[in-house]
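> Each position in the sequence shown, counted from 1, maps to that position plus 10 in the working numbering.
Each residue gets a CB set at the ideal place from its N, CA and C atoms; glycine is no exception.
Got a structure here, written out as structure tokens. Questions coming.
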Amino acid sequence: MAASPADTNNFDIVILGAGSGGYACALRAAQLGFSVALVEKDKLGGTCLHTGCIPTKALLHAAEVADSTRESETFGVKASFEGIDMAAVNSYKDGIVNRLYKGVQGLIKSGGITVIEGEGTVAETSADGGGVVEVDGTRYTGKNLVLATGSYSRTLPGLEIGGRVITSEEALTMSEVPEKVVIIGGSVIGVEFASVWRSFGAEVTIIEALPTLVPLEDPTLAKQLERAFRKRKIAFKTGTKFSGVEQTEDGVKVSLENGDEIETDLVLVAVGRGPRSQGLGFEEAGVTVDRGWVPTDERLRTNVKGVFAVGDLVPGLQLAHRGFAHGIFVAEEIAGLNPMPVVDSGIPRVTYCEPEVASVGLTEPQAKEKYGEVETLEYNLGGNGKSQILATAGIVKLVREKDGPIVGVHMVGARFGEQIGEASLIVNWEAFPEDVAQFIHAHPTQNESLGEAALALAGKPLHSHA
């Protein structure tokens with residue numbers, strides 16, 4: 011199966027990009043006995059490890075510690091909050107990233123994977139399948155090519171990045187906490203940074219063009235998060251667009267289409283991420299590119315034989331764990347193992363602000379569109395013992411097909427990112443409320459609220475505050 015070691019530039023699989031999708035594909039392919047070349051211009055681990063999931067969640071944990079310290083007297087603990095030492099916060103964050111980075115390097119090395127450092131482009135594709143990737147003038151041939159080039163921080167027309175206008179990448183390396191921040195974009199990245207900076211003591215205003223924060227989530231979760239953010243004094247303006255940004259010597263003036271103007275110290279542009287496909291030779295080599303995205307079929311095949319695309323490059327959810335799943339899928343697909351396709355609606359989603367937002371499956375509007383008649387239940391965390399102990403508010407919402415299985419689980423509250431595992435099993439195994447209700451959930455836990463919600467939906471509520 012594997013190419014001969016003598017053919018130093020010939021491989022079974024050449025992967026362009028070593029982020030979540032690329033390195034997962036490389037590791038699984040190596041396990042399956044393929045010869046693998048992994049091309050990366052920056053660091054193994056990609057956006058998620060270095061400028062995305064891991065460092066932002068480290069900041070969010072530091073923010074949680076700051077809030078706990080400030081609010082300690084609520085719990086009878088006398089602690090004094092003296093401020094945020096950003097150098098120390100960054101040191102803590104970077105320490106986590108570096109440890110995980112070394113782990114990834116070790117895995118790749120022990121897997122016998124050839125790492126090629128530099129910017130790769132697709133030089134040509136072959137009618138027999140696969141093609142050639144060129145890196146700094148050297149050509150590498152793969153019987154299969156996997157495009158895993160990921161995404162970049164998007165901006166909007168009239169919103170130049172630079173100076174006091176930054177993206178999430180610059181936000182992760184700041185040496186001090188800004189006094190005032192305007193965040194343009196109220197989806198995942200926007201609300202997570204809003205949460206961090208508010209906990210660190212900044213005045214925060216979010217501008218979101220759509221009618222609600224986290225607009226891709228179930229409307230009930232959006233409402234709950236907005237209520238929590240008001241309580242935290244995080245300001246937000248929804249249903250309004252920015253019209254201009256003017257940088258001055260000591261700040262930024264943000265103008266909105268409704269005529270409002272906001273003076274601030276810093277503007278974070280968090281309007282999503284775009285696919286990284288430009289200038290990489292995809293179209294020239296015959297691969298279809300649609301507005302930057304690389305469309306695939308459900309088996310992640312592009313229009314060219316033996317060329318696959320994974321992760322943020324493929325239209326759909328932009329999540330590291332989707333990239334991992336795609337990478338593993340493609341390696342197994344090439345090996346002829348006929349793996350199950352990765353379906354976006356079955357992928358769990360977590361937004362790690364305070365309170366956390368976690369969901370899997372269809373929202374209520376999506377379920378109505380698909381099934382016509384649905385049943386929903388909202389279980390209020392007012393009835394959950396652990397939520398009372400943690401002093402958190404929120405809900406668990408279940409959406410089921412009428413007289414059928416649960417097709418969506420939507421949760422908001424402290425630590426609910428950790429409850430998404432069971433929610434994912436419920437949706438992906440097409441459980442009925444009665445199936446979930448019969449399992450005993452430990453008391454008192456946040457997890458118990460999933461059991462209580464299922465009991466209520468099965469028609470036998472115990473502590474329902476719905």
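How do the region 116-128 and the region 41-56 stand: do at least 3 beta-carbon pairs fall below 8 Å, yes or no?
Judged by Cβ distances under 8 Å, the region 116-128 makes contact with the region 41-56, as three or more pairs qualify.
> Between Asn438, Leu59, Arg109 and Phe252, which has its C-alpha nearest Glu170's C-alpha?
Among Asn438, Leu59, Arg109 and Phe252, the Cα nearest to that of Glu170 is on Phe252.
> Which two residues bound the contiguous alpha helix (DSSP H) that contains Gln41?
Element bounds for Gln41: Ser30 to Gln41.
> Spell out the partners DSSP gives Ile416 in its beta bridges.
Bridge partners of Ile416: Arg410.
> Whole angstroms is fine: what's the gap from Asp270's alpha carbon to Thr306's?
Taking the straight line from one Cα to the other gives about 43 Å.
> Met96 to Leu400, Cα distance in whole Å?
Taking the straight line from one Cα to the other gives about 27 Å.
> Taking the alpha carbon of Trp439 as the point to measure from, which residue in Thr373, Glu428 and Ile357 has its own alpha carbon closest?
Nearest C-alpha to Trp439: Ile357.
> What did DSSP end up calling Gln115 once you bin it into helix, strand or coil?
Looking at Gln115 - three-state DSSP - the assignment turns out to be helix.
> According to DSSP, what are the bridge partners of Tyr389?
Paired residues: Val406.
> Going by the CB atoms, is the gap between Val142 and Thr151 shorter than 7 Å?
A contact, by the Cβ cut-off of 7 Å.
> Are Ala330 and Cys63 close, meaning C-beta to C-beta below 7 Å?
Contact flag set, yes.
> Name the one or two DSSP bridge partners that Trp439 has.
Answer is none; Trp439 lacks a bridge partner.
> Per DSSP, what kind of secondary structure is Gly172 in: helix, strand or coil?
It is a strand residue.
> If we ignore side chains and look at the alpha-carbon of each, how far apart do Ala441 and Leu435 end up?
Each residue's alpha carbon lies about 8 Å from the other.
> Alpha carbon to alpha carbon, how far is Gly296 from Ile25? Give it in angstroms, no decimals.
Straight-line Cα distance between these residues: approximately 17 Å.
> For Pro15, does the three-state DSSP call read helix, strand or coil?
With a pLDDT of only 41 at Pro15, under 50, the local geometry of the prediction cannot be trusted, and the value read off the model is given with reservation. Coil, per DSSP.
> Would you decide whether Met11 is buried or exposed? Buried here means 16 or more other CB atoms lie within 10 Å of its CB.
No answer about Met11 holds up, because its pLDDT of 42 lies below 50 and its placement is not dependable.
> Quick one: what's got a C-beta closer than 7 Å to Gly254's C-beta in the same chain, skipping five residues either side?
Closer than 7 Å at Cβ, skipping near neighbours: Gly168 and Ser265.
> With a Cβ-Cβ cutoff of 7 Å, do Phe339 and Pro325 count as a contact?
No, the pair does not count as a contact, with Cβ atoms beyond the cut-off.
> Can you check which of these residues, Ala463, Arg283 and Ile416, is closest to Leu166 by C-alpha distance?
Out of Ala463, Arg283 and Ile416, Arg283 has the C-alpha closest to the C-alpha of Leu166.
> Does the Cβ-Cβ distance between Glu432 and Leu460 come in under 7 Å?
Cβ atoms of Glu432 and Leu460: closer than 7 Å.
> Which runs of the beta strand (DSSP E) fall wholly inside the region 99-170 and span at least 3 residues, in chain order?
The qualifying runs are 124-127, 130-135, 141-145, 148-157 and 161-163.
> Quick check on the burial criterion: 16 or more other C-beta atoms within 10 angstroms. Buried or exposed for Lys396?
It is buried - the Cβ of Lys396 has at least 16 other Cβ atoms within 10 Å.
> Taking 7 Å as the threshold (C-beta atoms), are Ile272 and Val206 in contact?
Cβ atoms of Val206 and Ile272: not closer than 7 Å.
> Per DSSP, which residues does Met421 bridge with? Please list them.
Its beta-bridge partners are Ala368 and Val406.
> Given that a residue counts as buried once 16 or more other Cβ atoms are within 10 Å of its Cβ, and exposed if not, what is Lys153?
Lys153 is buried by the Cβ-count criterion.
> Check whether the Cβ atoms of Ala424 and Thr402 sit closer than 7 Å, and answer yes or no.
Going by C-beta atoms, Ala424 is nearer than 7 Å to Thr402.
> Can you name the start and end residues of the beta strand (DSSP E) that Val277 belongs to?
Per DSSP, Val277 belongs to the beta strand (DSSP E) from Leu276 to Val279.
> With 16 as the cutoff for other CB atoms within 10 Å, does Ala16 come out buried or exposed?
Confidence in Ala16 is poor, its pLDDT being 38 and thus under 50, which makes the residue's placement unreliable; the coordinate value appears in the next sentence. The residue is exposed, with fewer than 16 neighbouring Cβ atoms inside 10 Å.
> In angstroms with no decimal places, state the Cα-to-Cα distance between Glu342 and Leu42.
So the alpha carbons of these two residues sit roughly 8 Å apart.
> Please specify which runs of the beta strand (DSSP E), each continuous and at least 3 residues long, are wholly inside the region 167-238, giving them in chain order.
Counting only runs of 3 or more, we get 190-194 and 213-218.
> Put Ser45 into one of helix, strand or coil per three-state DSSP.
DSSP places Ser45 in coil when its eight states are reduced to three.
> Could you name the residues that DSSP lists as bridge partners for Leu266?
Beta-bridge pairing links Leu266 to Phe252.
> Considering Trp61, what are the terminal residues of the alpha helix (DSSP H) in which it resides?
The residue asked about is misnamed: residue 61 is Thr in this sequence, not Trp. Start and end: Gly56 to Thr61.
> So for Ile344, helix, strand or coil by DSSP?
Helix.
> How close, in whole Å, do the beta carbons of Glu213 and Glu186 come, if the pair is a contact with beta carbons under 8 Å?
Between Glu186 and Glu213 the Cβ distance is about 15 Å, and since that is not below 8 Å, they are no contact.
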